[in-house]
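Asks: To start, I am sharing the structure in question, which I have written as structure tokens.
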Amino acid sequence: MSRIKVELKKKDVDTIREICRSFSNNPDELINVLHKIQHAFGYLPAEVQEVVARELRIAVAKVYGVVTFYSFFSMVPKGRHPISVCTGTACYVRGAENVLSEFRKELNIDVGETTPDGRFSISCLRCVGACGLAPVVMVGEKTYGRVSPEMVRDIIREYEGQ
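Using this note's numbering, you'd call the opening residue of the sequence shown number 8 and step up by one each time.
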């Protein structure tokens with residue numbers, strides 16, 4: 008996948024600077040800064056990371072390293088309804104891989120991609136902390152437990168028109 012160049016507007020740069028200032032431009036607050044910026048923008052493209060590095064007076068490589076290390080950060084835009092399939096041990100042994108395959112088939116996208124209409128994206132996460140409900144799927148903040156491949160179409164339908 009080729010990288011898309013993002014053109015930051017002055018107000019976007021001002022927002023990033025304000026968020027950095029709210030943490031006193033402290034490099035030790037990098038993860039908190041990135042969380043707040045991702046909440047504001049939806050993702051953390053390279054251009055945003057460069058402004059953060061400049062404001063916190065740290066190397067861009069350090070910012071990039073944190074963004075790529077932690078799975079909750081994204082460098083690509085997520086759908087309005089991000090779908091996260093837990094692939095931790097309990098979910099995996101109870102069929103999460105089949106559930107994931109069904110989401111990929113129904114939405115015609117792969118993990119890390121977003122549907123062309125921007126409604127859905129798919130990602131995997133390691134553990135939701137609801138192992139008793141395995142396999143678990145999250146759509147945004149809503150958690151679905153004991154999900155089977157047969158339930159996938161109904162889950163997607165809940166978000167149609169939104």
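Cβ coordinates follow ideal geometry from the N, Cα and C atoms, glycine included.
1) Does residue 48 come out as helix, strand or coil in the three-state DSSP assignment?
2) Does the beta-carbon of residue 77 have 16 or more other beta-carbons within 10 angstroms, so that it is buried, or is it exposed?
3) To the nearest angstrom, how far is it from the Cα of residue 164 to the Cα of residue 82?
4) Return the CA-CA distance between residue 128 and residue 48, expressed in angstroms with no decimal places.
5) Out of curiosity, what's the CA-to-CA distance linking residue 32 and residue 63?
6) For residue 29, which of helix, strand or coil comes out of DSSP?
7) So, helix, strand or coil for residue 162, using DSSP?
8) Between 12, 46, 55, 13, which lies nearest to residue 24 when the distance is taken from Cα to Cα?
9) Thinking C-alpha only, which one of 101, 103, 122, 86 is nearest residue 146?
10) Relative to the alpha-carbon of residue 13, which residue among 21, 52, 40 has its alpha-carbon at the smallest distance?
11) Less than 8 Å between the beta carbons of residue 93 and residue 159, yes or no?
Replies: So, to answer that:
1) Helix, per DSSP.
2) Under this definition residue 77 is an exposed residue.
3) Near 27 Å, if we compare the C-alpha coordinates of residue 82 and residue 164.
4) Rounded to the nearest angstrom, the two C-alpha atoms are 16 Å apart.
5) Whole-angstrom Cα-Cα distance: 5 Å.
6) In the structure shown, residue 29 adopts helical secondary structure according to DSSP, grouped into three states.
7) The answer is helix: DSSP assigns residue 162 an H, G or I state.
8) The shortest CA-to-CA distance from residue 24 to any of 12, 46, 55, 13 is the one to 55.
9) Residue 86 is the option with its Cα nearest to residue 146.
10) Nearest option by C-alpha distance: 52.
11) No, the Cβ-Cβ distance between residue 93 and residue 159 is not below 8 Å.
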